[in-house]
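Numbering of the sequence shown is given in full-length UniProt numbering, commencing with residue 1 and proceeding in unit increments.
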Amino acid sequence: MLILALDTATTDLVTGLVDTEISAAYDAVVPGTRGHNEQLMPTIMALLDDHATTLADLDGIVVGHGPGPFTGLRVGMVTAQALGQALRIPVHGVSSLDAIATRHSADNLLVTTDARRREVYWASYQAGRRSAGPGVVRPENLEPPHPVDAVVVPQRLVVKLPSHLQDLETVELSPRAAGLVAVADLAQAPEPLSPEYLRRPDAVPPPEPKRSAALPPLKKEARP
C-alpha cells in the first residue's frame, strides 16, 4: 500500500509517503513554519513529483489529529478529508503525540509539544504504549504519572520544566511519516476524523456592548 501521511499539529509541516510493502518512508518536512495553509498542497505535490507518483497512486491517507492548535489542525485534517473523498480512499486519524513517541527508544517517555499560551500538550508512554494523556498544562506544572527516562520537548521550553525533568535527556521531535503510519490501524475501517484541541479556540465571540445608564430602560414585551 502507498500511504500519504500528513501532520500539521506542530510548527513543522510534515508530509511523507510510506510504502508498506517494502517498509520505505520518504519525508518532506517544512520546519518551523506558520504557513501550513499556503504550503501544504504545494509540498504534497512536490513530494509526489519527486517520487514519480501521483495522487491516483495513493491507497490511503494518515493524518495527525493532534492535540494541536485549532487553525493548524484544521488545515491538515480538512485537506486529508478532501483528498480522501476526491480519491475515494480511506483517511485514518492518529495521535500526533503517539507518532512522535515512535521516534524515541526510551521505555519510559514523556512527549510534549508547544500548545502556546505558555502551555504544552503532553502524553506519557511505557514500553511504547501511551500510559497517560493527552493533556494540556503549563510546563512548570508538568508531572507525569510515572517516572520517565527522557522528555521530548521544544528546546526553548526545557527551562520551563520542573528541575527533575530538566535533568533528564531532552530532545525536540515532531512527527514523521513512518511514525504516523505505524500508529494507524490500516486493516480497520477508519473512524470519522475528530481533532483533539483539548481547549477552546483562541477566538471567542465578542461580549455584548453595555447599555448606557443615560438611556431609558427597555420596555418589557407584554405576553399574549
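All C-beta atoms, glycine included, are put in the ideal place defined by N, C-alpha and C. Just so it is clear, the structure is predicted and the values come from calculations on it, not from any experiment.
For this session: Identify whether V181 lies in helix, strand or coil by the three-state DSSP scheme.
Result: helix
Exercise. Per DSSP, which one or two residues make a beta bridge with L4?
Worked result: L17, I61
Exercise. Out of curiosity, what's the CA-to-CA distance linking A56 and T79?
Worked result: 16 Å
Problem set entry | C-alpha distance - D107 paired with V137, whole-angstrom precision | 23 Å
Exercise. When you compare only the Cα positions, how much space is there between residue 226 and T102?
Worked result: Look at the range of the chain in this structure, 1 to 224, and you will see that residue 226 is not part of it.
Exercise. Does the stretch 60–80 come close enough to the stretch 158–166 that 3 or more CB-CB pairs lie under 8 Å?
Worked result: Verdict: no, contact absent.
Exercise. Between which two residues does the alpha helix (DSSP H) harbouring G76 extend?
Worked result: 70–87
Problem set entry | the stretch 122–130 in contact with the stretch 193–200 per 3-pair CB rule at 8 Å | no
Exercise. Taking only runs of the alpha helix (DSSP H) that begin and end inside the stretch 33–59, which ones reach a length of at least 4 residues, in chain order?
Worked result: 36–50
Problem set entry | One or two residues paired with V137 in a DSSP bridge | V120
Exercise. Rounded C-beta distance between V183 and S95? I'm assuming under 8 Å.
Worked result: 7 Å
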